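Respectively, the protein sequence lines represent chains A and B. For reference, each letter of the first sequence is one residue, going 43 to 157 in my numbering. For reference, each letter of the second sequence is one residue, going 13 to 130 in my numbering. All C-beta atoms in this analysis are idealised placements derived from N, C-alpha and C, irrespective of residue type, glycine included. In this text, all values refer to a predicted model and were calculated from it rather than measured experimentally.
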Amino acid sequence: AQSVTQLGSHVSVSEGALVLLRCNYSSSVPPYLFWYVQYPNQGLQLLLKYTTGATLVKGINGFEAEFKKSETSFHLTKPSAHMSDAAEYFCAVSDSGGGADGLTFGKGTHLIIQP
Amino acid sequence: NAGVMQNPRHLVRRRGQEARLRCSPMKGHSHVYWYRQLPEEGLKFMVYLQKENIIDESGMPKERFSAEFPKEGPSILRIQQVVRGDSAAYFCASSLSGQGARGRNIQYFGAGTRLSVL
């Protein structure tokens, strides 16, 4: 069975500061990993994904994440936070690339940007 | 190029009524997934469908819930005799292909239907 743990239900950073959202997973097979962002009253938008190959993945809006197998982690980072980054962020795992079995999501991290 | 369309966006039902949630996948997508998001929780997988077939319903409650994806028309998530605990946001996602098509089966999400049971 797969599971995802996102440390910190709320993370607050100052505008311009580094954003670090933590995600650890468990999976019995090599995982596919995803980060989604959810703005208020909207659906989820894919930020980035890891399938195979390069472990450092770049996504939209300046976000990136690094797959570390030894740490079973897939933390999301952005060098400089912007007010528009305030949203809910979800880490998800799949052992089939997000296909037949559906995605397993973490509980989400609410990112707050302080002016 | 329209994305995943869900309607209604908000649905209010009294206990015991039926709720029908609709999802039209992205153009060209034949795989649909339904998820439920309870307050302060992440999304929980409910069911995965292809046209006219339920592929995986392991996350679906055994009673009162059903889903379909007919040959023509949107996918429907149906909740009979709703109870207050059914109040949640229900999200639909679609993908171009399913298992085995690595790299091509990203799930694209709709804006969700927020169900409130009075």
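Does any heavy atom of the ligand ATP sit closer than 7 Å to the C-beta of Ala14(B)? With respect to small molecules bound, the structure shown includes none, and the ligand ATP cannot be examined in it.
Got a sec, what are the start and stop residues for the beta strand (DSSP E) Glu108(A) sits in? By one-based count along the first sequence, residue 108(A) stands at place 66. From DSSP, the beta strand (DSSP E) with Glu108(A) extends over 106-110.
Short-range partners of chain B found in the segment 63-93 of chain A, where Cβ spacing is below 9 Å: Tyr74, Phe76, Tyr78, Gln80, Asn83, Gln84, Gly85, Leu86, Gln87, Leu88, Lys91, Thr93
For Ser115(A), which residues from the same chain have a beta carbon less than 6 Å from its beta carbon, with the 5 sequence-adjacent residues on both sides left out? What you label residue 115(A) is simply residue 73 of the first sequence in a count that begins at 1. Excluding positions up to five away in sequence, the list reads Asn66.
CB of Tyr81(A) within 8 Å of CB of Ala129(A), strictly: Within the first sequence, numbered from 1, the residue matching residue 81(A) stands at position 39. Within the first sequence, numbered from 1, the residue matching residue 129(A) stands at position 87. Closer than 8 Å, so yes.
Residue burial classification, Ala100(B) (beta-carbon count within 10 angstroms, cutoff 16): Position 88 of the second sequence holds residue 100(B). With 16 or more Cβ atoms within 10 Å of its Cβ, Ala100(B) is classed as buried.
Which residues mark the beginning and the end of the beta strand (DSSP E) in which Arg26(B) is found? Looking up residue 26(B) in the second sequence gives position 14. No beta strand (DSSP E) contains Arg26(B), which DSSP labels as neither H nor E.
Strictly by DSSP, which residues pair up with His22(B)? Position 10 of the second sequence, counted from the start, is the residue given in the question as residue 22(B). The partner list for His22(B) (beta bridge, DSSP) reads Arg126(B).
Chain B partners of Lys110(A), CB-CB under 9 Å? Along the first sequence, one-based indexing puts residue 110(A) at 68. Here the premise fails: no neighbours, minimum Cβ distance about 21 Å.
What residues are listed by DSSP as bridge partners for Thr146(A)? One-based indexing of the first sequence puts residue 146(A) at position 104. Paired residue(s): Val135(A).
Start and end of the beta strand (DSSP E) containing Ile66(B)? What you label residue 66(B) is simply residue 54 of the second sequence in a count that begins at 1. Looking at the DSSP string, the run of the beta strand (DSSP E) that includes Ile66(B) is 65-68.
For Lys100(A), go through chain C and note every residue whose CB falls closer than 8 Å to its CB, in chain order. The chain inventory of the structure shown lacks chain C, comprising the protein chains A and B.
If I follow the unbroken beta strand (DSSP E) through Leu118(A), where does it start and stop? Position 76 of the first sequence holds residue 118(A). 115-120 is the extent of the beta strand (DSSP E) around Leu118(A).
Check whether the Cβ atoms of Gln18(B) and Gly124(B) lie closer than 8 Å to each other. Counting from one through the second sequence, the residue named residue 18(B) turns up at place 6. Counting from one through the second sequence, the residue named residue 124(B) turns up at place 112. Result yes, Cβ atoms of Gln18(B) and Gly124(B) sit closer than 8 Å.
Out of curiosity, what's the CA-to-CA distance linking Gly150(A) and Gly54(B)? Along the first sequence, one-based indexing puts residue 150(A) at 108. Along the second sequence, one-based indexing puts residue 54(B) at 42. About 6 Å.
Specify, as a first and last residue, the run of the beta strand (DSSP E) that Glu53(B) falls within. In the second sequence, the residue the question calls residue 53(B) occupies position 41. Element bounds for Glu53(B): n/a, residue is neither H nor E.
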